[in-house]
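K.L.:
Just dropping this structure here.
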Amino acid sequence: MNTEITTHRRVDGEVTTIASARRSSRSRSTGIDPRLMNAQETARYLGHQSRAVLSEIPVSPIRLSANGVGRGQLWDRHAIDQWLDELSGIRHPTADSAPAKDDLEDELNAWRRTRGQCN
C-alpha cells in the first residue's frame with residue numbers, strides 16, 4: 001500500500017510544490033524515505049504514472065550491487081532534486097562560485113575601515 005506525499009520548497013517567501021509522489025511501503029516501514037529509488041518510485045516522485053518519463057530527464061540511474069547481487073537501476077533523489085532546483089531557478093553554491101577566503105577577508109577589512117575598526 002502506498003501513501004501520498006508532497007514535497008514543498010520555500011522560495012522567496014512562497015511555498016512551491018516541486019514534487020508529489022506516493023510513499024512506498026519500504027519507506028513507511030522504516031520511517032525513512034530512501035535516497036535511491038527504482039524506476040517506478042522515481043516516476044511517481046516526478047508526478048508521473050509511467051516510467052517513460054525517465055528517458056526525458058538528464059539524471060542517469062546508477063547501479064549498486066553487493067556481493068554480485070544487483071538491485072537494478074536506481075535514481076538518486078538528491079540528484080533529481082538538484083536538477084529540479086536548476087529548472088526552478090534555485091541556485092546551489094559550488095566550490096567554483098564560492099568566494100575565496102582571501103576575498104572574504106579583504107571585504108571584511110574594507111568594511112571595518114569604513115567603520116574605523118581597522119588600521
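With this note's numbering, letter number 95 in the sequence shown gets 95, and the count goes up by one each step, no holes.
Think of the CB as a built atom: it goes at the ideal place given N, C-alpha and C, for glycine as much as any other residue.
If you count every other CB in all the chains shown that lies within 10 Å of the CB of Glu41, and 16 or more means buried, which is it?
P.N.:
Numbered from its first residue, the sequence shown carries residue 41 at position 41. It counts as buried.
K.L.:
Starting from the Cα of Leu64, find the closest Cα among Trp75, Arg112, Ala43 and give me that residue.
P.N.:
Here residue 64 refers to the residue found at position 64 when the sequence shown is read from its first residue. Considering only alpha carbons, the answer is Trp75.
K.L.:
Just list the residues that DSSP pairs Trp111 with in beta bridges.
P.N.:
Counting from 1 along the sequence shown, the entry for residue 111 is found at position 111. Paired residue(s): none; Trp111 is not in a bridge.
K.L.:
Is the CB-CB distance between Arg193 and Arg51 below 7 Å?
P.N.:
There is no way to answer for residue 193, as the model of the chain reaches only from 1 to 119.
K.L.:
Can you tell me where the alpha helix (DSSP H) holding Arg44 begins and where it ends?
P.N.:
Looking up residue 44 in the sequence shown gives position 44. Note, Arg44: alpha helix (DSSP H), 39-45.
K.L.:
Which class does Arg51 belong to by DSSP, given the choice of helix, strand or coil?
P.N.:
In the sequence shown, counting from the first residue as 1, residue 51 sits at position 51. Reduced to three states, the DSSP call for Arg51 is helix.
K.L.:
Does DSSP put Asp85 in a helix, in a strand, or in coil?
P.N.:
Locating residue 85 in the sequence shown gives position 85, counting from the first residue. Reduced to three states, the DSSP call for Asp85 is helix.
K.L.:
Give the single residue among Ser29, Gly31, Gln73 whose Cα lies nearest to the Cα of Ala43.
P.N.:
Locating residue 43 in the sequence shown gives position 43, where the first residue counts as 1. For Ala43, the nearest C-alpha among the options comes from Gln73.
K.L.:
If you draw a straight line from the alpha carbon of Ala100 to that of Ser60, how long is it in whole angstroms?
P.N.:
Position 100 of the sequence shown, counting from 1, holds the residue named residue 100. Position 60 of the sequence shown, counting from 1, holds the residue named residue 60. Between Ala100 and Ser60, the C-alpha separation is close to 32 Å.
K.L.:
Tell me, please, which residues DSSP counts as bridged to Asp103.
P.N.:
Your numbering for residue 103 matches position 103 in the sequence shown. Asp103 pairs with nothing; no bridge assigned.
K.L.:
Looking at the structure shown, is Arg63 part of a helix, part of a strand, or coil, going by DSSP?
P.N.:
Against the sequence shown, residue 63 aligns to sequence position 63. Here Arg63 sits in strand by DSSP.
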